[in-house]
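Position in the sequence shown counted from 1, then plus 5, gives you the working numbering. Below is one structure; the comments refer to it alone.
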Amino acid sequence: MMGVVFLGDRKVAVKEFPDPEPKKDEVVVRMKVATICGSDMHVYRSSKEELEKTRPKDLIAGHEPSGVVEKVGECVENVSEGDRVSVFHIFGCGHCEMCRKGYPMYCTTPGGYHALSGDVNGCMADFLLVPSWVCMELPSELSFFDGAILGCAGMTAYQILTKLEVTARDTVAIYGLGPLGDCAVILAKALGAKVIGVDVVPERIRLAEDLGLDVSINAKEKDPVKEIKDMTARKGGADIALDFTGNPIATNNAMRSVKPLGKVGVMGVGKGMTKPVIEPIVLISQGIWITGVRVSNINLYFDCVDFMVKQGISFEKVVTHKFPLEKAQEAFQLFDTLKTGKIAFVW
6 MMGVVFLGDR KVAVKEFPDP EPKKDEVVVR MKVATICGSD MHVYRSSKEE
56 LEKTRPKDLI AGHEPSGVVE KVGECVENVS EGDRVSVFHI FGCGHCEMCR
106 KGYPMYCTTP GGYHALSGDV NGCMADFLLV PSWVCMELPS ELSFFDGAIL
156 GCAGMTAYQI LTKLEVTARD TVAIYGLGPL GDCAVILAKA LGAKVIGVDV
206 VPERIRLAED LGLDVSINAK EKDPVKEIKD MTARKGGADI ALDFTGNPIA
256 TNNAMRSVKP LGKVGVMGVG KGMTKPVIEP IVLISQGIWI TGVRVSNINL
306 YFDCVDFMVK QGISFEKVVT HKFPLEKAQE AFQLFDTLKT GKIAFVW
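Okay, structure coming up:
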C-alpha cells in the first residue's frame with residue numbers, strides 16, 4: 006500500500022508500505038476519505054530535526070479517517086467485513102477510569118495511550134490498522150466525508166457545544182473559522198443558536214457565511230469585542246464564546262466577548278498557548294465560566310450521528326478541495342495557505 010509521511014520543513018512524501026494484517030482484536034479499514042486536520046500542520050511545519058526527536062521514522066500521517074472494513078481479527082464482533090465506518094483516532098488501555106468513561110485521550114495507564122499519526126500509523130494510506138473498538142458504524146445517511154470529519158473535528162465541535170449546553174436561546178461567538186470552527190457553525194445553527202463568527206481570512210469568512218453563519222467580523226477591520234458587545238448590548242455580551250484559534254489574543258477576546266456569567270470554551274492549540282493567556286480579573290469580575298476540550302468523548306459519537314441524521318445536516322460542505330493520495334504535497338501546501346476549508350484525500 007501507499008502512505009504519506011512527514012519529512013519536515015513543509016515536505017511530505019508518498020511511500021510504499023506492506024499491507025497490514027489484523028491481530029485477533031484488530032481491524033483493517035480500506036480508506037475512502039482522510040481529511041487534513043489543523044493539528045497535522047504542526048507536524049508539517051516542524052523541522053526535520055524536530056521530527057527526528059519526536060516522531061518515529063516513516064510514521065504514516067493522518068488521523069481523520071473513514072472507510073470500509075476490509076479484514077477483521079478472529080475475536081472481533083462489533084464490526085464485519087464490508088461495514089462503513091468512521092474511526093476514532095485515539096485509543097487507550099481500555100481499562101482505566103478515564104478509558105471506561107470514554108476519554109482514552111486521558112488514559113492513565115503508563116504506555117496505554119496511542120494516537121493515529123502520533124505513535125502508530127495514521128490514515129493517509131490505502132489501508133488503516135486499528136483496534137476494533139475505535140471503529141464505529143457510519144449510517145447510510147452520512148457520507149464518508151462526514152465520517153472522516155467526525156473522527157476528530159466534528160466530534161470535538163459537538164463535545165464543546167454539548168458541554169456548554171448551547172440552545173436556541175443563545176448567541177454564540179466563534180473565534181476562528183477554520184474547518185473546526187465551520188463544524189461548530191453547522192452544529193450551533195442546528196441547535197437553533199445565533200452565531201457570530203470572527204476571523205482574519207476573507208476566504209474562510211465567506212465559507213462560514215455559506216454554511217449558515219449569521220454575522221461575520223473580520224478582526225483586521227473591526228474590534229470583535231466591541232462589535233459583539235454592541236450586537237448583544239441587552240444581555241451584556243454573547244452567551245457563549247468559543248476559541249478555535251490557538252492564539253492568546255483571541256482567547257482573551259473570547260473571554261471579553263461574553264456577558265456576565267457567560268461561558269467560554271477553548272479548543273485551539275498554538276505555540277503561544279504554552280504561555281499564560283487568561284486574565285484572572287476578567288474571570289473574577291464577570292463570573293465567567295471557562296473550560297477546555299482536547300477532543301471528544303468517544304461515547305458522544307452515536308449521539309452526534311443521531312443528531313446530524315435527525316437534523317439533516319452534514320459536514321461535507323466544509324470540504325473545499327479533494328486530492329488523490331499521490332498529490333499529498335500539493336494538498337498540504339494548499340491547506341497551509343489558511344484560505345481553504347477541509348482538504349480531503351479520496352480513494
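Where is the CB? At the ideal position from N, CA and C, for every residue including glycine. Note that this is a predicted model, so its numbers are computed, not measured.
Counting the other Cβ atoms within 10 Å of the Cβ of Ala158 gives 16 or more, which makes it buried. If you ignore the 5 residues before and after Cys112, its C-beta comes within less than 8 Å of the C-beta of Gly97, Cys98, Cys101, Met103, Cys104, Tyr118, all in its own chain and listed in chain order. Counting along the chain, Val74 sits inside the beta strand (DSSP E) bounded by residues 70 to 77. Counting along the chain, Phe328 sits inside the beta strand (DSSP E) bounded by residues 324 to 328.
Ranked by Cα distance from Leu166, the options Ala336, Thr256, Gly297, Val34 are led by Gly297. With fewer than 16 neighbouring CB atoms inside 10 Å of its own CB, Phe307 falls in the exposed class. Counting other Cβ atoms within 10 Å of its Cβ, Gln316 stays below 16 and is therefore classed as exposed. Per DSSP, Cys140 is one residue of the beta strand (DSSP E) stretching across 140 to 142. Lys16 and Pro184 do not touch by the CB rule: their CB atoms are close to 22 Å apart, not below 8 Å. Apart from the 5 residues on each side of it in sequence, Ile41 sits with its Cβ closer than 6 Å to the Cβ of Phe340, Ile348 in its chain, given in chain order. With 16 or more other Cβ atoms from the protein chains shown falling within 10 Å of its own Cβ, Cys128 counts as buried. In this structure, the straight-line span from the alpha carbon of Ala198 to that of Asn257 is close to 22 Å. Just so you know, the alpha carbons of Phe22 and Leu133 end up roughly 11 Å apart.
At the C-beta level, Phe337 and Tyr49 come within 7 Å of one another.
Approximately 6 Å separates the beta-carbon atoms of Ile245 and Val171; this is inside 8 Å, confirming the contact.
The beta carbon of Pro25 lies closer than 6 Å to those of Val33, Phe132, Leu134 in the same chain, with the five residues before and after it left out. As a beta-bridge residue in DSSP terms, Phe350 pairs with Ala39, Phe328. Put simply, the region 258 to 273 touches the region 286 to 301. At least three CB pairs are less than 8 Å apart.
Around the beta carbon of Ala173, a 10 Å sphere encloses fewer than 16 other beta carbons of the protein chains shown; the residue is thus reported as exposed.
Of the candidates Lys240, Ser44, Leu169, Val230, the residue whose Cα lies closest to the Cα of Gly251 is Ser44. Of all alpha-carbon atoms in Arg35, Ser91, Ala130, Lys106, the one lying nearest the alpha-carbon of Asp63 is that of Ala130.
A straight-line Cα-Cα distance of about 25 Å links Gly181 and Asp14. Judged by beta-carbon spacing, Met141 lies within the 7 Å limit of Ser91, meaning their Cβ atoms are closer than that value. A direct Cα-to-Cα measurement between Asp215 and Gly116 gives close to 44 Å. Excluding sequence positions up to five before and after Gly217, its CB lies within less than 7 Å of the CB of Val190, Ile191, Lys194, all in the same chain and listed in chain order.
Around the beta carbon of Gly87, a 10 Å sphere encloses fewer than 16 other beta carbons of the protein chains shown; the residue is thus reported as exposed. DSSP lists Val73 as the bridge partner or partners of Arg89.
Minimum Cα-Cα distance from Val125 among the listed residues Ser262, Ala243, Gly8 corresponds to Gly8. Secondary structure remark: continuous alpha helix (DSSP H) runs of at least 4 residues inside the region 173 to 219, in chain order: 184 to 195, 207 to 215. About 20 Å separates the Cβ atoms of Ser85 and Val38, ruling out a contact at the 8 Å cut-off. For Val48, the enclosing alpha helix (DSSP H) has its first and last residue at 45 to 49. If you ignore the 5 residues before and after Gly241, its C-beta comes within less than 6 Å of the C-beta of Lys264, Pro265, all in its own chain and listed in chain order. Between the alpha carbons of Ile179 and Lys234 lies a gap of roughly 14 Å.
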